[in-house]
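Structure first, then comments.
In full-length UniProt numbering, the protein residues as written are 1 to 670.
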């Protein structure tokens with residue numbers, strides 16, 4: 001038995017050592033799937049499989065980075081670095097960079113963010129002279145995305161406004177040599193399905209394919225996988241249909257529940273031993289999820305029997321509910337020295353967070369709401385990334401317009417608008433307009449000279465920027481110095497702290513570039529920009545469990561995390577299950593979301609609901625969630641907080657409600 005499989009349990013070892021043919025690993029919450037995946041890769045390399053022929057696909061960059069680090073630490077002789085690890089989008093970017101001409105693009109295409117897509121849609125609406133204020137750009141994008149992913153149109157562009165907008169949007173994107181996130185997968189699938197030569201080339205590289213979080217895949221990603229993996233189907237997928245909570249954004253649970261229909265006769269391994277939670281928590285989760293029809297049966301269990309039942313508390317209203325949670329955290333933290341980072345409050349809707357935040361502020365308890373502004377959405381970072389994007393692809397209009405007069409260089413908004421109009425009239429990019437002498441003659445001399453200086457600057461740096469071996473950090477620092485960007489930020493700062501924050505952002509970006517170069521120098525500027533564009537962990541939420549303060553987070557965002565103490569407030573009809581789920585036929589998905597919330601807890605879990613809740617400015621009676629009836633009461637303790645507080649007359653008696661909790665926490669600390 002090898003070192004990397006010797007520490008696995010029997011089911012984990014079976015999954016790690018079954019290499020050939022289709023393999024479905026049903027990995028319940030907290031059952032050590034990442035450990036199994038890394039052990040499996042290590043085992044494969046040890047068995048003589050070339051690591052370059054192993055492709056491991058994850059859903060987030062954070063997961064991909066963690067996987068790379070684990071593999072490097074486990075695989076002998078540095079061979080772990082050769083395993084191809086990345087997200088679906090990252091895989092398709094690499095594919096399209098190599099074969100872009102087969103789908104009508106140049107290989108230096110740019111990738112637009114949501115904000116850039118919305119800007120382009122607004123421009124399209126302007127071009128089409130659309131004045132209908134009900135046609136919201138973000139909604140238009142959503143409809144376009146849905147149609148593209150379904151492989152459908154939106155009707156006749158001559159008769160349907162949505163169809164006309166979609167047609168113009170896609171024409172503009174192709175003309176600018178730009179893709180959006182949907183295009184990456186759609187065109188990747190098109191390339192592999194329709195070009196036999198490309199498909200054979202790619203299949204010859206990846207003999208063994210592994211996919212994590214398989215329950216979150218959509219129909220396009222399944223098509224990509226099927227085109228990538230020929231018979232005898234050396235494909236391993238890892239997932240849990242009980243944690244499929246993204247149906248609303250296209251995830252197909254049938255990819256995992258009907259896996260046999262896509263890859264015949266798979267070997268199936270269930271991972272059911274949980275290393276995270278106590279028996280009462282797992283028993284509660286099992287009793288809930290077994291009510292879903294069509295699931296693959298599995299039952300989590302643990303050797304950690306725990307000391308605490310799951311608590312189900314009813315309060316009068318959401319204010320009392322929030323105060324109960326804050327008071328309990330306060331008692332555990334200040335009386336028993338339990339770190340605030342060990343507490344998390346998971347809610348179904350963002351609206352629930354306001355009253356919780358108020359309760360924590362009133363008690364001066366530090367907290368953080370997960371969902372802070374993205375690092376890559378910061379002003380200084382967007383400016384510098386836009387410079388780098390233009391150096392890589394000067395026809396990226398959005399990036400170019402951002403930096404055209406940043407720092408101020410005498411190219412006003414009127415001149416920029418003239419250049420944009422010229423580009424639309426001539427059906428080319430703004431960069432082409434800026435380099436057109438006929439156009440420049442229309443611009444006053446001062447603006448004309450400023451444009452020429454700008455295009456000379458971009459030309460000067462674009463050569464080195466796209467030359468293999470260039471030290472990108474040094475080049476970027478030189479560019480920052482030449483354009484006077486730091487002086488520009490100093491002048492823009494209203495407070496000293498403003499500049500300090502911006503300066504830190506610039507330094508963090510440079511550090512990010514250096515880290516990328518260390519990992520993958522060969523990919524150069526294009527690789528770094530791809531990494532930035534594909535950074536789906538944009539919220540700064542690395543190590544969420546360790547950040548200071550109580551964690552307030554939505555149930556959807558909590559997936560993959562764990563905390564010693566978890567509160568789930570708002571267990572009411574209309575909240576969980578959400579009122580929309582009844583119309584959309586997604587009650588089973590709401591049950592899975594509840595299951596995900598329950599299984600985030602390691603030691604203590606408190607569920608709560610109210611008798612009354614403010615809705616649309618009025619107090620309304622709340623009904624307990626129907627899901628609560630499904631919980632096995634053997635491991636659930638029910639408490640009426642309001643009645644207890646009404647019967648209590650002194651502050652000392654008030655705290656008795658939590659005396660049991662304090663004693664348990666004190667025992668835990670010793």
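Glycine included, each C-beta is placed from N, C-alpha and C at the ideal position. Quick caveat: nothing in here was measured; it's all calculated off a predicted structure.
The segment 389 to 458 is shown to contain whole alpha helix (DSSP H) runs of 4 or more residues at 397 to 403, 413 to 426, 430 to 434, 437 to 440, in chain order. According to DSSP, residue 551 shares a beta bridge with 344, 368. Residue pairing of residue 260 in beta bridges, as defined by DSSP: absent, with no partner found. Residue range 636 to 640 is occupied by the beta strand (DSSP E) that includes residue 638.
Taking C-beta separations shorter than 8 Å and ignoring five residues to either side along the sequence, the partners of residue 401 in its chain run 416, 420, 430, following chain order. In this structure, the beta-carbon distance from residue 581 to residue 590 falls below 8 Å. In the three-state scheme derived from DSSP, where H, G and I count as helix and E and B as strand, residue 614 is classed as strand.
For the pair residue 35 and residue 558, the Cα-to-Cα distance works out to about 20 Å.
When DSSP states are grouped into helix, strand and coil, residue 69 belongs to the helix group. Just measuring C-alpha positions, the residue of 351, 157, 451, 553 sitting nearest residue 617 is 351. The residue among 87, 52, 114 with its C-alpha nearest the C-alpha of residue 67 is 87. Counting along the chain, the unbroken alpha helix (DSSP H) around residue 144 starts and ends at 137 to 149.
With a cut-off of 8 Å on Cβ pairs, the segment 14 to 31 is in contact with the segment 263 to 280, counting three or more such pairs.
The Cβ-Cβ distance between residue 321 and residue 610 falls below 8 Å. Residue 396 holds the alpha-carbon nearest to the alpha-carbon of residue 433 among 396, 644, 342.
If one requires a minimum length of 4 residues, the alpha helix (DSSP H) runs lying completely within the segment 300 to 359 are 318 to 330, in chain order. DSSP places residue 239 inside the beta strand (DSSP E), whose first and last residues are 235 to 239.
The secondary-structure analysis by DSSP pairs residue 25 across a beta bridge with 238, 269. In the DSSP assignment, residue 111 forms a beta bridge with 179. Residue burial annotation: residue 231 is exposed, with fewer than 16 other C-beta atoms found within 10 angstroms of its C-beta.
In summary, residue 380 is buried, with 16 or more beta-carbon neighbours lying within 10 Å of its beta-carbon over all protein chains present.
Contact between residue 278 and residue 598 fails: their C-beta atoms lie close to 11 Å from each other, not under 8 Å.
Less than 8 Å separates the beta-carbon of residue 188 from that of residue 96. Judged by DSSP secondary structure, residue 208 falls outside any alpha helix (DSSP H) and instead within the beta strand (DSSP E) spanning 208 to 211.
According to the DSSP assignment, residue 281 belongs to the alpha helix (DSSP H) that extends over 279 to 289.
Relative to the Cα of residue 338, the nearest Cα in the group 22, 355, 365 belongs to 365. Taken through DSSP and simplified to helix, strand or coil, residue 517 comes out as helix. A check of alpha carbon separations from residue 423 across 492, 410, 127, 47 identifies 127 as the nearest. Pairing residue 109 with residue 177 gives a Cβ-Cβ distance under 8 Å. Looking at the backbone, the Cα of residue 13 and that of residue 33 are separated by about 11 Å. Taken through DSSP and simplified to helix, strand or coil, residue 630 comes out as helix. Take residue 499, set aside five residues on each side of it, and the residues of its chain with a beta-carbon closer than 7 Å to its own are 489, 490, 493, in chain order. For residue 318, the closest C-alpha among the options 164, 237, 355 is that of 355. Residue 193 has its alpha-carbon roughly 14 Å from the corresponding atom of residue 151. With 16 or more other Cβ atoms inside 10 Å of its own Cβ, residue 40 counts as buried. The criterion of a C-beta distance shorter than 8 Å is not satisfied by residue 288 and residue 47.
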